[in-house]
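Chains as they are written, first to last, in full-length UniProt numbering: chain A, 1 to 348; chain B, 1 to 348. Structure first, then comments.
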DNA sequence: TTGAAAGCGCTAACAT
DNA sequence: ATGTTAGCGCTTTCAA
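This is the structure:
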């Protein structure tokens with residue numbers, strides 16, 4: 001039987017309201033009394049029941065974190081950073097996984113609504129309208145997608161995709177495939193838009209393949225389509241698909257980057273572990289998690305401060321991208337100085 | 001302002017207790033009345049407040065999941081499976097990360113205690129005594145370690161380590177290093193015990209290196225020690241360390257498996273993505289997550305059913321293990337039929 | 001500075 | 001089958 005505020009009151013010879021104040025409004029209670037109370041509480045192992053407190057204050061000190069797929073390596077660093085940051089501010093975090101299902105997203109937000117002070121919606125696949133409606137039930141911060149009227153944290157993937165395309169074009173590629181991501185993904189649309197524009201600007205051709213589930217399997221599944229398209233380079237929606245594609249190409253005896261260059265997006269942990277190591281666009285996922293928590297918690301104070309935080313991305317050149325057929329002249333294959341420490345140890 | 005049970009009562013012209021029953025004890029209420037109530041609730045967007053309900057029932061329908069490191073690829077599949085399984089039974093999951101710090105573990109359990117019906121403690125680094133004490137505050141299920149008197153789910157890593165050692169010895173290795181894991185890890189002790197025994201049985205020598213943090217970096221950091229030890233094979237505490245070691249050996253020009261064989265443990269997603277693909281001991285992490293949730297939830301009914309569930313492991317032979325110096329005769333390098341589908345596509 | 005009393009949203013006896 | 005009442009653990013007026 002856990003100790004309640006009443007047990008502490010009895011033990012320290014004061015009224016429950018004094019105990020309450022000793023914990024939640026220390027300045028309203030005599031220092032000596034407070035010391036007594038705290039000592040008694042300590043002795044009894046008393047800890048305030050946050051749920052009971054929430055019932056009256058309306059603040060649960062919990063937040064919800066809803067992601068598309070916990071096992072997708074993109075998310076764990078974000079979850080970890082968000083949880084750690086939230087805990088530092090005395091918030092606990094419910095984590096839930098939608099399995100990329102928009103229907104589950106809504107149900108999850110509604111189910112958590114009463115138990116949290118707000119929800120971080122990461123890479124949602126719902127419509128803007130649905131999201132706006134949900135935000136009337138519980139404060140929402142959207143990650144990886146801007147929603148008009150709501151606070152959001154996004155990564156500048158368009159910038160990343162442009163850098164990736166310029167990198168490929170610079171290497172002499174003129175026929176490039178874009179391995180598209182999931183339907184309903186804002187990130188996917190951004191990438192596509194930026195890649196299309198970059199291709200047009202550079203006079204290159206862009207073949208769009210998709211939409212696809214953002215998994216290794218669907219990356220592999222598109223290998224045939226990539227080969228049929230006759231391109232010399234591929235930009236993938238994420239690292240997972242890039243890796244799946246590389247594997248499938250490998251099994252077909254197609255060499256990366258010798259015959260086909262492949263560039264990923266996200267710079268997840270696996271990009272440094274594959275061979276060849278993956279050239280990819282680094283997205284600051286941990287920073288995004290922390291920023292989203294901050295927005296959610298400060299959002300309580302100044303309401304309707306509908307901010308949009310955009311985090312920068314950068315191109316990390318490793319070994320999966322190499323010279324293309326239209327290469328004219330020039331320097332070594334690196335078009336930019338290596339950004340990542342490990343990349344400089346590439347062995348070719 | 002979210003609708004409360006009173007709003008629904010008013011709207012449907014019945015007393016609040018009837019509304020309550022309509023939701024939590026349907027058989028006690030007239031079907032017609034219930035339909036009315038449910039319709040009114042639907043209209044108002046009413047959802048029972050679980051925290052308020054918990055205050056009186058004592059059951060929160062929440063569980064806590066505490067892991068050593070969310071970003072360690074071992075955990076996401078476990079978290080995902082546990083969360084999904086729990087949600088299927090109408091439970092929400094708090095996830096927290098201790099960063100491998102035993103002090104944080106205790107604080108976390110205590111902080112969550114009042115808000116959950118139980119906590120899944122994954123790979124805890126605390127002492128048994130501490131864990132037992134904590135279990136008086138809140139029901140605990142321990143994963144990856146048996147604790148006397150408490151329900152637990154463990155993997156038979158001893159069996160896995162034995163298989164791995166036999167595999168290496170069978171390949172002709174007689175000097176083998178064990179890359180130890182973190183201090184306080186039961187899994188680490190099990191592996192060490194089993195590996196030591198297997199080495200003795202086979203007349204091989206086992207050099208134990210460690211303890212180490214279970215990270216890629218510390219795997220890399222032990223490369224020198226491995227070379228100095230003059231062994232021809234290494235069994236690592238986990239895939240992460242195995243991969244780190246392979247990388248570091250590679251940078252030194254040492255070929256795996258030609259010069260040194262490396263075997264990991266866990267069969268995380270990365271084991272299939274590294275080159276060479278990692279020979280490793282597969283641990284059923286998703287199953288462990290589900291089993292732990294089941295134990296926690298059923299534990300409520302039949303108390304003190306201190307069960308220990310042990311899940312089997314198996315050796316997955318891929319490309320990072322090869323013939324050793326003492327190889328006598330025999331068949332191709334595969335000592336066992338490949339267990340994993342991908343392994344059969346290994347290209348040598 | 002502290003106590004008394006009301007009540008957050010809900011369930012659980014106990015009546016009827 | 002439904003209404004009444006009390007109260008879960010806590011905070012917060014309002015008095016004193």
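All residues carry an ideal CB built from backbone N, CA and C; glycine is no exception.
Open item on the list: Output needed in chain order: residues of the segment 79–105 of chain A with a Cβ under 8 angstroms from some Cβ in chain B.
Closed with: 79, 80, 83, 84, 87, 92, 93, 94, 95, 96, 97, 99
Open item on the list: Is the separation between the beta-carbon of residue 132 (chain A) and that of residue 118 (chain A) shorter than 8 angstroms?
Closed with: At least 8 angstroms separates the beta-carbon of residue 132 (chain A) from that of residue 118 (chain A).
Open item on the list: Tell me the DSSP secondary structure of residue 251 (chain A) in three-state form.
Closed with: Taken through DSSP and simplified to helix, strand or coil, residue 251 (chain A) comes out as helix.
Open item on the list: Please identify, using Cβ separations under 9 angstroms, the residues of the segment 39–60 of chain A that lie next to chain B, in order along the chain.
Closed with: 45, 47, 48, 49, 50, 51, 52, 54, 55, 60
Open item on the list: Measuring straight from C-alpha to C-alpha, what distance separates residue 70 (chain A) and residue 76 (chain B)?
Closed with: 6 angstroms
Open item on the list: Are the CB atoms of residue 263 (chain A) and residue 280 (chain A) within a distance shorter than 8 angstroms?
Closed with: yes
TODO: Might you give, ordered along the chain, the residues of its own chain that have their beta carbon closer than 7 angstroms to the beta carbon of residue 391 (chain A), omitting 5 neighbours on each side?
DONE: What is shown of chain A runs 1 to 348, which leaves residue 391 (chain A) out entirely.
- [ ] Pick helix, strand or coil for residue 335 (chain A), following the three-state DSSP scheme.
- [x] The predicted position of residue 335 (chain A) is uncertain, since its pLDDT is 42 and thus under 50; a value taken from the coordinates is nonetheless stated next. Note: residue 335 (chain A) maps to coil in three-state DSSP.
Task: Nearest-angstrom beta carbon gap, residue 178 (chain B) and residue 209 (chain B) [assumed within contact, 8 angstroms] - done: In this structure residue 209 (chain B) is in contact with residue 178 (chain B), their Cβ atoms being roughly 7 angstroms apart against a cut-off of 8 angstroms.
Task: Nonlocal neighbours in the same chain, by C-beta distance under 6 angstroms from residue 121 (chain A), ignoring five residues either side - done: 66, 140, 142
- [ ] Measure the C-alpha to C-alpha separation of residue 207 (chain B) and residue 175 (chain B) and round it to an integer number of angstroms.
- [x] 8 angstroms
- [ ] Using a cut-off of 8 angstroms between C-beta atoms, extract the partners of residue 280 (chain B) located in chain A.
- [x] Per Cβ cutoff of 8 angstroms: no residues; residue 280 (chain B) is ~14 angstroms from chain A at best.
Open item on the list: Let me make sure I understand the geometry here. Which of B:242, B:18, B:293, B:84 has the alpha-carbon closest to that of residue 270 (chain B)?
Closed with: B:242
Task: Exposed unless 16 or more other CB atoms sit within 10 angstroms - verdict on residue 255 (chain A) - done: Sixteen is the threshold: since fewer than 16 other Cβ atoms of the shown chains lie within 10 Å of the Cβ of residue 255 (chain A), the residue is exposed.
Task: Contacts of residue 245 (chain A) in chain B (Cβ-Cβ under 7 angstroms) - done: The premise fails here: residue 245 (chain A) is roughly 13 angstroms from chain B at the closest Cβ pair, so nothing lies under 7 angstroms.
TODO: Below 8 angstroms CB to CB, which residues in the same chain sit around residue 157 (chain B) once its five sequence neighbours on both sides are set aside?
DONE: 187, 190, 191, 194, 265, 281, 283, 313
Open item on the list: Would residue 273 (chain A) pass as an interface residue toward chain B - the criterion being a Cβ-Cβ separation below 8 angstroms?
Closed with: yes
Task: Interface flag, residue 70 (chain B) vs chain A, CB-CB below 8 angstroms - done: Yes, because at least one Cβ of chain A sits closer than 8 angstroms to the Cβ of residue 70 (chain B).
TODO: Could you tell me whether the segment 91–101 of chain A touches the segment 48–67 of chain A, where touching means 3 or more Cβ pairs closer than 8 angstroms?
DONE: yes
Task: Reference residue 6 (chain B), options B:24, B:46, B:82, closest by Cα - done: B:46
Task: Environment of residue 26 (chain B) [buried if 16+ CB atoms lie within 10 Å] - done: exposed
Open item on the list: Let's test the definition: count the other Cβ atoms within 10 Å of the Cβ of residue 303 (chain B) and tell me whether it reaches 16, buried, or not, exposed.
Closed with: With a pLDDT of 48 at residue 303 (chain B), under the threshold of 50, the predicted position of this residue should be treated as unreliable, though the coordinate-derived value follows. Exposed.
TODO: Count the other C-beta atoms from every protein chain shown that fall within 10 angstroms of the C-beta of residue 9 (chain B), then say buried if there are 16 or more, exposed otherwise.
DONE: buried
Task: Three-way DSSP call (helix, strand, coil) for residue 72 (chain A) in this model - done: The answer is coil: DSSP assigns residue 72 (chain A) none of H, G, I, E or B.
TODO: Below 8 angstroms on the Cβ atoms is my guess for residue 325 (chain B) versus residue 103 (chain B); work out the distance and round it to an integer in Å.
DONE: Residue 325 (chain B) to residue 103 (chain B), Cβ: 45 angstroms. No contact.
Open item on the list: Since residue 146 (chain B) and residue 308 (chain B) should fall inside the 8 angstroms C-beta cutoff, what is the C-beta to C-beta distance between them, to a whole number of angstroms?
Closed with: 5 angstroms
Task: Contact belief for residue 151 (chain B) with residue 295 (chain B) at Cβ below 8 angstroms, rounded distance in angstroms - done: 5 angstroms
TODO: Leaving out five residues on either side along the sequence, give the residues of the same chain with a beta carbon under 6 angstroms from the beta carbon of residue 320 (chain A).
DONE: 256, 257, 262, 276, 278, 279
- [ ] Just confirm the distance between the C-beta atoms of residue 51 (chain B) and residue 34 (chain B), as a whole number of angstroms; I'd bet it's less than 8 angstroms.
- [x] Going by Cβ atoms, the distance from residue 51 (chain B) to residue 34 (chain B) rounds to 24 angstroms, so no, they are not a contact pair.
TODO: Using a Cβ-Cβ cut-off of less than 7 angstroms, list which residues of the segment 236–267 of chain A approach chain B; keep chain order.
DONE: 243, 251
Task: Alpha-carbon spacing of residue 127 (chain A) relative to residue 287 (chain A), whole angstroms - done: 25 angstroms
- [ ] Figure out for me which residue from A:260, A:226, A:218 has the closest Cα to the Cα of residue 232 (chain A).
- [x] Just measuring C-alpha positions, the residue of A:260, A:226, A:218 sitting nearest residue 232 (chain A) is A:260.
- [ ] Could you check the C-alpha separation between residue 40 (chain A) and residue 54 (chain A) for me, to the nearest Å?
- [x] 23 angstroms
Open item on the list: Could you check whether the Cβ of residue 6 (chain B) sits closer than 8 angstroms to any Cβ belonging to chain A?
Closed with: no
Open item on the list: Please report the straight-line C-alpha distance between residue 107 (chain B) and residue 36 (chain A), rounded to a whole angstrom.
Closed with: 23 angstroms
Open item on the list: Could you check whether the Cβ of residue 206 (chain B) sits closer than 8 angstroms to any Cβ belonging to chain A?
Closed with: no
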